[in-house]
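Colleague: Here you go, one structure.
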Amino acid sequence: MYEKALMLINGNAGPSFIQKNIELTAGILTNHIEELIIRKTHYKGHAEEVLQSTGKEYDLIIIMGGDGTVHECVNGLAALNDPPSVCILPGGTCNDFSRTLAVPQNIKRAADSLMNGTTRHVDIGTMNERFFTNFYGIGLIAQTSENINGDWKNKLGKVSYLLSALQTFTNPDPFSFELTLDDETMTDEAVMVLVVNGNFIGASQLPFQGIVPDDGLFNVFVVSQGGASLLREYLTAKNPFAWDPEPTDVKHYKARHVALSTPEPMKADTDGEIYMKTPAVIENLPARIPFLVPDTPQ
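Just so it is clear: in the sequence shown, position 131 is 131 by the UniProt record's numbering, and no numbers are missing.
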């Protein structure tokens, strides 16, 4: 039983969405929580501010929203010495990090499975005094996020990410970079460099086994120009795990420390949010935040 919990809801969601999802989950949550406080966010960065100032007052933070809301909340919590447990109730377009944690995408089932589940201490990435749960990337990944059409997103949800990706991957522009992985440095050209902690992006599972968010390591992917067409094929494949890239097209590494620079600053995508640029020094913070997860993956 949790003594005091705070539910943060993305205030950009419509009132009918908020009311419906509170009705679906409140009864389940209050069976496990003595005092539940519900707050809406009112502007970008609001969730982060709330948690930085009051997060230590709660023993559970419930995030009702998508990846952007999760990103804000993690940036508020990761700075705390002893952050409370976190429960993600998926309410966004892709809900990628909740998928990594095997959270059911039906919000009522998510509430039930998490309240009756267990706790998993998850790694967090930090770079330039910011934090991320799922990924940091430059090149195609940032272009895809920037190119998402707002009307598509509202009408088509996660399909909008696929459509943007397919358009972006058609004519990729390679860039030069310098990449340091722990104590090994390389220089090359690529169309995307991706540092991942989770294994879903745009609601699609990455086609590599062994990506877990609690091993103290990042998975780093360097995608050459030839690899872009393979990624395009993967996104449209009926059986994604049939995808088998050539080693020269997509290079895969593991590292705890990553330093990335480009000749000119490039926009970077962190958990679907674009507000940073290269260069970046990225560190893995092992087991930094406890997340509620189902006892049995759904």
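We treat Cβ as the ideally placed atom computed from N, Cα and C, and that holds for glycine.
In the DSSP assignment, the beta strand (DSSP E) including LEU206 goes from what residue to what residue?
Modeller: Counting along the chain, LEU206 falls outside any beta strand (DSSP E), and DSSP gives it neither H nor E.
Colleague: Does THR144 come out as helix, strand or coil in the three-state DSSP assignment?
Modeller: In this structure, THR144 counts as helix in the three-state DSSP scheme.
Colleague: Between the beta-carbon of ARG99 and the beta-carbon of ALA13, is there less than 8 Å?
Modeller: Taking 8 Å as the Cβ cut-off, ARG99 and ALA13 do not qualify as a contacting pair.
Colleague: Return the first residue and the last residue of the alpha helix (DSSP H) that VAL50 is part of.
Modeller: Its alpha helix (DSSP H) spans residues 46-54.
Colleague: Ignore the nearest five residues each way along the sequence and tell me which others in ILE282's own chain have a CB closer than 8 Å to its CB.
Modeller: Only GLY125, THR126, MET127, TYR136, VAL195, PHE218, HIS257, VAL258, ALA259 and LEU260 meet the Cβ criterion.
Colleague: Round the Cβ separation of CYS73 and LEU8 to the nearest angstrom and send it over; I've been treating them as touching at under 8 Å.
Modeller: Right, the Cβ-Cβ distance comes to about 6 Å (below 8 Å), so this counts as a contact.
Colleague: Out of LEU89, ASP295, ILE107 and ASN197, state which residue places its alpha-carbon closest to the alpha-carbon of LEU60.
Modeller: Nearest option by C-alpha distance: LEU89.
Colleague: Under three-state DSSP, which class holds LEU24?
Modeller: LEU24: helix per DSSP, three-state reduction.
Colleague: How should SER53 be labelled, buried or exposed, when 16 other C-beta atoms within 10 angstroms of its C-beta is the threshold for buried?
Modeller: Looking at its Cβ environment, which holds fewer than 16 other Cβ atoms inside 10 Å, SER53 is exposed.
Colleague: Do VAL50 and GLY68 have their beta-carbon atoms positioned less than 8 Å apart in this structure?
Modeller: For GLY68 and VAL50, no; Cβs fall outside 8 Å.
Colleague: Assign TYR58 to one of two classes, buried (16 or more other C-beta atoms within 10 Å of its C-beta) or exposed (fewer than that).
Modeller: Classification for TYR58: buried.
Colleague: With respect to the beta strand (DSSP E) encompassing HIS121, which residues constitute its N-terminal and C-terminal limits?
Modeller: Segment 118-127, the beta strand (DSSP E) holding HIS121.
Colleague: Span of the alpha helix (DSSP H) holding SER72?
Modeller: Sequence inspection shows Glu at residue 72; the Ser mentioned does not correspond to that position. Start and end: 67-77.
Colleague: With H, G and I counted as helix, E and B as strand and the rest as coil, what does DSSP make of SER224?
Modeller: Three-state result, SER224: coil.
Colleague: For LYS277 and MET266, which I take to be in contact (beta-carbon distance under 8 Å), what is that distance rounded to the nearest angstrom?
Modeller: Going by Cβ atoms, the distance from LYS277 to MET266 rounds to 6 Å, so yes, they are a contact pair.
Colleague: Out of curiosity, what's the CA-to-CA distance linking PRO207 and SER229?
Modeller: Approximately 14 Å between the Cα atoms of the pair.
Colleague: Less than 8 Å between the C-beta atoms of GLN205 and ASN199, yes or no?
Modeller: Cβ distance < 8 Å, so GLN205 and ASN199 count as in contact.
Colleague: Taking 8 Å as the threshold (C-beta atoms), are ASN21 and residue 325 in contact?
Modeller: Look at the range of the chain in this structure, 1 to 298, and you will see that residue 325 is not part of it.
Colleague: Does DSSP put THR296 in a helix, a strand or coil?
Modeller: In this structure, THR296 counts as coil in the three-state DSSP scheme.
Colleague: GLY45 and GLY66 - do their beta-carbons sit closer together than 8 Å?
Modeller: No.
Colleague: Among VAL293, GLU129 and SER113, which has the Cα closest to the Cα of LEU285?
Modeller: Considering only alpha carbons, the answer is GLU129.
Colleague: Mind checking ALA242: buried by the 16 CB within 10 Å criterion, or exposed?
Modeller: Because ALA242 carries a pLDDT of 49, less than 50, the predicted location of this residue cannot be relied on, and no value is offered for it.
Colleague: For ILE138, which three-state DSSP category applies?
Modeller: ILE138: strand per DSSP, three-state reduction.
Colleague: Count the other CB atoms within 10 Å of the CB of LYS155; is the residue buried (16 or more) or exposed (fewer)?
Modeller: With a pLDDT of 44 at LYS155, under the threshold of 50, the modelled position of this residue cannot be trusted; read the value that follows with caution. Looking at its Cβ environment, which holds fewer than 16 other Cβ atoms inside 10 Å, LYS155 is exposed.
Colleague: Find out if the Cβ-Cβ distance for the pair ALA287, ASP214 is shorter than 8 Å.
Modeller: Closer than 8 Å, so yes.
Colleague: So the candidates are PRO15, ILE274, MET1 and GLY11; which of them puts its Cα closest to the Cα of residue 324?
Modeller: Since the displayed the chain opens at 1 and closes at 298, residue 324 lies outside it and no answer follows.
Colleague: Following the continuous beta strand (DSSP E) through ALA259, name the residue where it begins and the one where it ends.
Modeller: Note, ALA259: beta strand (DSSP E), 257-261.
Colleague: Have a look at THR187, THR41, GLU3 and GLU184 and flag the residue whose alpha-carbon is nearest the alpha-carbon of ASN10.
Modeller: The residue with the shortest Cα to Cα distance from ASN10 is THR41.
Colleague: Measure the C-alpha to C-alpha separation of LEU36 and GLY139 and round it to an integer number of angstroms.
Modeller: In a straight line, the C-alpha of LEU36 is about 42 Å away from that of GLY139.
Colleague: What is the C-beta distance between PHE291 and ARG109, in whole angstroms, given that I count them as a contact (C-beta under 8 Å)?
Modeller: Rounded, the Cβ-Cβ distance is 17 Å, inconsistent with contact.
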